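Student: Number 17 in numbering that gives the first Met the number 0 belongs to position 18 of the sequence shown; there are no gaps in the numbering.
All C-beta atoms, glycine included, are put in the ideal place defined by N, C-alpha and C.
These figures come from a predicted structure and were not determined experimentally.
Let me give you the structure first, and then I'll get to my questions.
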Amino acid sequence: MSKDGFEKLEEARSLAAPIKEKELILELWFYRYAHKDNAADRSNALKEIKKLIGEGVRSPDFDMRANVKRAIKDGHPNPDLLKDLERIICAKKDARELERYEA
């Protein structure tokens, strides 16, 4: 994702936060986790994703398969976690699956 793309991502996240659109916020954090190169950014995004999942937020209509494939193709360091997050966020897998991954 280009620098401009990440700027747009941050803009969307900041606009969604006050509205409390938790599904949208979860989706935006997922994009950040999937596509950021910086480990600290990914770690922060994963923390936020887990928090929202812990609150019961899911986005069953959110199709992330193309993003997962692209992130893996681009060398995402944890493709198994990425795939599990996709399934959990889409309500196809139990959130307890995350327990096997370090925070």
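Counting C-beta neighbours from all protein chains within 10 Å, is the total for Glu85 16 or more, i.e. buried, or is it exposed?
Tutor: buried
Student: Quick one, are the C-beta atoms of Ile87 and Pro78 less than 9 Å apart?
Tutor: no
Student: Assess contact between the region 46 to 64 and the region 6 to 13, defined as three or more Cβ pairs (one per stretch) separated by less than 8 Å. Is contact present?
Tutor: No, because fewer than three Cβ pairs between the region 46 to 64 and the region 6 to 13 fall closer than 8 Å, the two stretches do not touch.
Student: Which two residues bound the contiguous alpha helix (DSSP H) that contains Glu109?
Tutor: A query on residue 109 cannot be resolved here, the shown segment of the chain reaching from 0 to 102 and no further.
Student: Taking the C-alpha atoms as reference points, what is the distance between Leu51 and Cys89?
Tutor: 13 Å
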